[in-house]
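Below is one structure, written out as structure tokens, with a few remarks after it.
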Amino acid sequence: MFRKIKIKPQQAERDSTPGEFLLTGLVEVQHKPTIISEGCCIQGKLVSVSAMHIDGEVDGNVEVESLTIGQQGRVKGEIKCRTLTIIGHFEGVAECDELSLAAQAVVRAKVHYKRLKAALGATIHGELLVR
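Our numbering applies: residue 52 is where the sequence shown begins, and numbers increase by one.
Structural data, given as structure tokens:
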């Protein structure tokens with residue numbers, strides 16, 4: 052969610068802008084989450100350095116820090132992220148550190164994960180593999 056950029060101390064005051072916070076020679080920039088709303092359909096590759104919430108439809112690859120596929124969301128393709136929360140539908144291949152499946156989640160995929168949290172009722176057609 053935060054990106055750290057090293058800057059020279061003499062540039063710190065000159066380069067500082069609203070939304071950036073100076074901490075011991077580093078600037079922390081807070082990134083806003085990306086939201087794909089219901090009714091929106093996207094085809095292609097999505098890349099973000101912060102969180103993304105999808106309630107619409109995405110057909111393509113997604114690379115983000117944290118991804119939530121909302122209740123109305125549908126994603127078909129490849130996902131690479133640290134945290135993947137599926138409430139809606141996912142079809143494809145995913146790599147993540149943390150995988151959370153809600154009770155209404157429908158997964159037709161091959162998912163590689165480190166930690167798993169699944170609610171009773173989640174539907175899984177495919178493979179969940181610990182890495």
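Glycine included, each C-beta is placed from N, C-alpha and C at the ideal position.
Is Gln155 helix, strand or coil by DSSP? Counting from 1 along the sequence shown, the entry for residue 155 is found at position 104. Note: Gln155 maps to coil in three-state DSSP.
Would Thr155 and Gln122 qualify as a contact pair, given that the criterion is a beta-carbon distance under 8 Å? Within the sequence shown, numbered from 1, the residue matching residue 155 stands at position 104. Within the sequence shown, numbered from 1, the residue matching residue 122 stands at position 71. Note that residue 155 is Gln in the sequence shown here, rather than Thr. For Gln155 and Gln122, yes; Cβs fall inside 8 Å.
Put Gly172 into one of helix, strand or coil per three-state DSSP. Against the sequence shown, residue 172 aligns to sequence position 121. The answer is coil: DSSP assigns Gly172 none of H, G, I, E or B.
Considering just the uninterrupted stretch of the beta strand (DSSP E) at Asp110, what are its terminal residues? Indexing the sequence shown from 1 puts residue 110 at position 59. That run of the beta strand (DSSP E) goes Glu108 to Asp110.
Express the C-alpha separation of Lys131 and Gly177 in angstroms, rounding to a whole number. The residue given as residue 177 occupies position 126 in the sequence shown. The residue given as residue 131 occupies position 80 in the sequence shown. Distance between the alpha carbons of Gly177 and Lys131: 17 Å.
What is the DSSP secondary structure of Arg166, counted as helix, strand or coil? Translated into the one-based positions of the sequence shown, residue 166 becomes position 115. In the structure shown, Arg166 sits in a strand (DSSP, three-state: E or B).
Boundaries (first-last residue) of the beta strand (DSSP E) holding Ile87: Position 36 of the sequence shown holds residue 87. Annotation for Ile87: the continuous beta strand (DSSP E) segment containing it runs Thr85 to Ile87.
Give me the DSSP bridge partner(s) of Cys92. Counting from one through the sequence shown, the residue named residue 92 turns up at place 41. DSSP lists Glu108 as partners of Cys92.
Counting along the chain, where does the beta strand (DSSP E) carrying Gly143 start and finish? For the purposes of this step, residue 143 is taken as the residue at position 92 of the sequence shown. Where Gly143 is concerned, the enclosing beta strand (DSSP E) stretches over His140 to Glu146.
Out of Leu135, Leu152 and Gly139, point me to the one whose CA is closest to Ala145's CA. Residue numbering aside, residue 145 sits at position 94 when the sequence shown is read from its first letter. Of the candidates Leu135, Leu152 and Gly139, the one whose C-alpha sits nearest the C-alpha of Ala145 is Leu135.
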